[in-house]
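Sequences listed follow chains A and B, in order. First residue of the first sequence: 661, per the numbering used here; consecutive thereafter. First residue of the second sequence: 661, per the numbering used here; consecutive thereafter. Ideal Cβ placement from N, Cα and C applies to all residues, glycine included. Please read the structure below before turning to the comments.
Number of protein chains: 2
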Amino acid sequence: MIFSALEDNFLDNINLLRKVQAHLDELRKSERKVANYILLDPASVLQMRLSDLAHTADVSEPTVIRFCRALGFDGFQSFKLQLAQYLGSSGNYVQFSVSDSDSVADVNRKVFDATIGSLLNVRDEMDPVALEKAIAALSGARRVEFYGFGASGSVAIDAQHKFFRLQVSAAAYTDPHIQHMSAISLKEKDVVVAISQSGRTKALIQSVNLAREAGATVIGLVPRNTPLAALCDLPIHVNVEEVEHVFTPVSSRIAHLVVIDVLAMGVARSSSEHLQDHLKRLNRSLRTLRANNKKPT
Amino acid sequence: MIFSALEDNFLDNINLLRKVQAHLDELRKSERKVANYILLDPASVLQMRLSDLAHTADVSEPTVIRFCRALGFDGFQSFKLQLAQYLGSSGNYVQFSVSDSDSVADVNRKVFDATIGSLLNVRDEMDPVALEKAIAALSGARRVEFYGFGASGSVAIDAQHKFFRLQVSAAAYTDPHIQHMSAISLKEKDVVVAISQSGRTKALIQSVNLAREAGATVIGLVPRNTPLAALCDLPIHVNVEEVEHVFTPVSSRIAHLVVIDVLAMGVARSSSEHLQDHLKRLNRSLRTLRANNKKPT
DNA sequence: CCACAGGATGAAATGATTTTTCTGGTTTAA
DNA sequence: TTAAACCAGAAAAATCATTTCATCCTGTGG
Numbered sequence: 661m662i663f664s665a666l667e668d669n670f671l672d673n674i675n676l677l678r679k680v681q682a683h684l685d686e687l688r689k690s691e692r693k694v695a696n697y698i699l700l701d702p703a704s705v706l707q708m709r710l711s712d713l714a715h716t717a718d719v720s721e722p723t724v725i726r727f728c729r730a731l732g733f734d735g736f737q738s739f740k741l742q743l744a745q746y747l748g749s750s751g752n753y754v755q756f757s758v759s760d761s762d763s764v765a766d767v768n769r770k771v772f773d774a775t776i777g778s779l780l781n782v783r784d785e786m787d788p789v790a791l792e793k794a795i796a797a798l799s800g801a802r803r804v805e806f807y808g809f810g811a812s813g814s815v816a817i818d819a820q821h822k823f824f825r826l827q828v829s830a831a832a833y834t835d836p837h838i839q840h841m842s843a844i845s846l847k848e849k850d851v852v853v854a855i856s857q858s859g860r861t862k863a864l865i866q867s868v869n870l871a872r873e874a875g876a877t878v879i880g881l882v883p884r885n886t887p888l889a890a891l892c893d894l895p896i897h898v899n900v901e902e903v904e905h906v907f908t909p910v911s912s913r914i915a916h917l918v919v920i921d922v923l924a925m926g927v928a929r930s931s932s933e934h935l936q937d938h939l940k941r942l943n944r945s946l947r948t949l950r951a952n953n954k955k956p957t
Numbered sequence: 661m662i663f664s665a666l667e668d669n670f671l672d673n674i675n676l677l678r679k680v681q682a683h684l685d686e687l688r689k690s691e692r693k694v695a696n697y698i699l700l701d702p703a704s705v706l707q708m709r710l711s712d713l714a715h716t717a718d719v720s721e722p723t724v725i726r727f728c729r730a731l732g733f734d735g736f737q738s739f740k741l742q743l744a745q746y747l748g749s750s751g752n753y754v755q756f757s758v759s760d761s762d763s764v765a766d767v768n769r770k771v772f773d774a775t776i777g778s779l780l781n782v783r784d785e786m787d788p789v790a791l792e793k794a795i796a797a798l799s800g801a802r803r804v805e806f807y808g809f810g811a812s813g814s815v816a817i818d819a820q821h822k823f824f825r826l827q828v829s830a831a832a833y834t835d836p837h838i839q840h841m842s843a844i845s846l847k848e849k850d851v852v853v854a855i856s857q858s859g860r861t862k863a864l865i866q867s868v869n870l871a872r873e874a875g876a877t878v879i880g881l882v883p884r885n886t887p888l889a890a891l892c893d894l895p896i897h898v899n900v901e902e903v904e905h906v907f908t909p910v911s912s913r914i915a916h917l918v919v920i921d922v923l924a925m926g927v928a929r930s931s932s933e934h935l936q937d938h939l940k941r942l943n944r945s946l947r948t949l950r951a952n953n954k955k956p957t
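Okay, structure coming up:
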């Protein structure tokens, strides 16, 4: 009972609809009608009064209230407010395409919102267990190499950057030959992070195979159900449904970057205070490369 | 009058609080009390009834209603719902710091949310006019070069990538010497995009100076009020307030990437159908580098 | 300096909507 | 088959938002 209460609380702020779904089977029959309608068209509920919803779901008004109470809310109003917040947080950021009539401000908004939408999706789809394993592997690694081509190449470089700062011996290779050469020289305590938006890049598959043969652990930032996902020791699934359209921005590389952030944060956390000292010193030394606030002459 | 109505409509779905702010001076004195309280602590309003808010703001209940109407809402309820949606969309994603007691799932959530929060901020702070000018400059450019160091280096590389696809002659330099050499060889129709998280990197300032002397147009993705911002022809301000803490992820580079996406989208839009053909062919040719769905042997 | 017009404000009445109570019906288990 | 528990809705009650209207300012012209 306590556990379920905690869980409720956890879900509360995350995903109301998921919570409704989860409670479906502990609801009474007619309350379930309400739940089903809400799941069907949550947005429309916002404009409704209690009696509207009751009528639409074909139940009486007290039933709707009992439904709200069953989910832990004070009443209908309080439920509606939560719903509004939830819809506000996830409803707005949708796939889109830019049309010619859009102003630059529109384009700006759409690109940002699409990116945010992707991030929200990826965030909720993330598998904490896979992350945990990956963080453990990275923390214990003797050496970490990041492989990627094209847009994922710059993700790899960025990742190298991040892990450098954590005093992890890191490299990023975006050239297939070098990748292969490096892969065959890996040892057991080494970790490879393979980054791919398609999950099917031939050269990368080959690098991963070589790395595994050499005994290294391979973490993959790849879409689910792809050849690369099947090949990695520790696949981290990053699924960004991208409409295949020239005017759709590619936000999957951004999702990848954020996942790298999560991994880096995890590694940093699991490391010693010694590292934190190091990071402070690093920040200080970077400052000498900067000009101060005076207008340059 | 029509214009203002349009503008209202525009702001409606974007940022309720900003809308309240904008209407401040056309409100009556006591209505303004309501507005001020709401701006002060919007979240608390959600739990309040009409009479609570009236009492807290030290006005009568009809006044609160008149305030809501003045903003174009049906009444108090409808205002509260909008507010809930707005707070849901931007309120949740706040700065944070990871603590030792956090689970990996928590870390994941926090890192994503912080990133999303930054993006929302940057999105709303973006100056469409600056963007428009930058897009115009890029569209007309003979050659585009991206300069950046460190984390901004990988942003530069990513940008080059993106613009390559648009058949723009693009280069990315992350080495100061090469930057300088390239900068002095630029011509008038060339464009440099200088990317910096700090806005004060000495070497980058120098490169920008050289590029300007050579006659090139310099676009800057830089924080406001920094030496680099002052130096660029077309500064695009990207302000990510980052708490200076080792365990805070650096999300400004992600904001930069999204801004690059916006620029690329803008350039793509303003270009010919010929380009769109090109992009389709490009996608097809990339496909040959990929394995198909069969499990690799 | 006063009187008056006009708008701004709040008290109280009104009306809408939510919530509670209670009763009739239905299932379940002995 | 019957009692017990449970479920659902009608109607009453309570709550809360909205409207009406009277009052109070504020500023202006006499």
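Mapping DSSP to helix, strand and coil, what is residue 794/B?
Judged by DSSP in its simplified three-state form, residue 794/B adopts helix.
In the DSSP assignment, find the beta strand (DSSP E) that holds residue 878/B and state where it starts and stops.
877-882
Ignoring anything shorter than 4 residues, give me the alpha helix (DSSP H) runs that lie fully in the stretch 699-786 of chain B, in order along the chain.
702-705, 710-717, 721-730, 736-750, 764-785
What residue range does the beta strand (DSSP E) around residue 803/B cover?
803-807
Below 8 Å on C-beta distance, what does residue 867/A contact in chain B?
The contacting residues do not exist; residue 867/A stays about 12 Å from chain B at best.
So, using beta-carbon positions, are residue 918/B and residue 914/A closer together than 8 Å?
yes
Under 8 Å between C-beta atoms, does residue 775/B make it to chain A?
yes
With DSSP as the reference, please indicate the residues paired to residue 833/B in a beta bridge.
807/B
Check whether the stretch 844-859 of chain B and the stretch 881-888 of chain B touch, using three or more Cβ-Cβ pairs below 8 Å as the test.
yes
When you compare the CB positions of residue 920/A and residue 888/A, do they come within less than 8 Å of one another, or not?
no
Would a C-beta distance cut-off of 8 Å place residue 845/B and residue 803/B closer than the cut-off?
no
Is the beta carbon of residue 843/A closer than 8 Å to that of residue 892/A?
With respect to the 8 Å criterion, residue 892/A and residue 843/A are not classified as neighbours on the basis of their beta carbons.
In whole angstroms, what is the alpha-carbon distance linking residue 681/A and residue 898/A?
24 Å
Would you mind stating whether residue 725/B and residue 735/B have Cβ atoms separated by less than 8 Å?
yes
Are residue 852/B and residue 807/B close, meaning C-beta to C-beta below 8 Å?
Contact: yes.
What does residue 865/B pair with, by DSSP beta-bridge criteria?
DSSP lists no partner for residue 865/B.
Report yes or no: is there a C-beta of chain A within less than 8 Å of the C-beta of residue 769/B?
Chain A, which has a Cβ nearer than 8 Å to the Cβ of residue 769/B, makes this yes.
For chain A, is any of its Cβ atoms less than 8 Å away from the one on residue 745/B?
yes
Three-state secondary structure (DSSP) at residue 826/A?
coil
Any C-beta of chain B within less than 7 Å: which residues of the stretch 826-844 of chain A qualify?
none
Within its chain, find whatever has a CB closer than 7 Å to the CB of residue 720/B; leave out the 5 residues flanking it on each side and keep chain order.
These residues qualify, in order along the chain: 714.
So with Cβ pairs under 8 Å, would you call residue 788/B a contact of chain A?
yes
Which of the three DSSP states is assigned to residue 894/A in this structure?
strand
Residue 900/B by DSSP, collapsed to three states: which one?
coil
Determine whether the Cβ of residue 821/A lies closer than 8 Å to any Cβ atom of chain B.
yes
Cβ of residue 836/A within 8 Å of Cβ of residue 764/B?
no
Which one of 694/B, 809/B, 797/B, 825/B has the shortest CA to CA distance from residue 849/B?
797/B
Skipping 5 residues on each side, what residues in its chain have a beta carbon closer than 7 Å to that of residue 809/A?
834, 861, 863, 864
Residues in the same chain with beta-carbon distance under 7 Å from residue 930/A, minus the five sequence neighbours each way, listed in chain order, please.
795, 799
For residue 708/A versus residue 768/B, is the C-beta distance shorter than 8 Å?
no
Taking the alpha-carbon of residue 716/B as reference, which of 729/B, 762/B, 691/B has the nearest alpha-carbon?
When C-alpha distances from residue 716/B are compared across 729/B, 762/B, 691/B, the shortest belongs to 691/B.
Which residues in the same chain have their Cβ closer than 8 Å to the Cβ of residue 749/B, if we skip the five residues on either side of it in sequence?
The residues are 780.
Let me check understanding here. Comparing Cα to Cα, which of 927/B, 728/B, 712/B lies closest to residue 688/B?
728/B
Interface residues of chain B around residue 705/A at Cβ under 7 Å?
Ordered by position in chain B, no residue passes the 7 Å Cβ test against residue 705/A, which lies about 11 Å from the chain.
What's the gap between the Cα of residue 816/A and the Cα of residue 683/A?
42 Å
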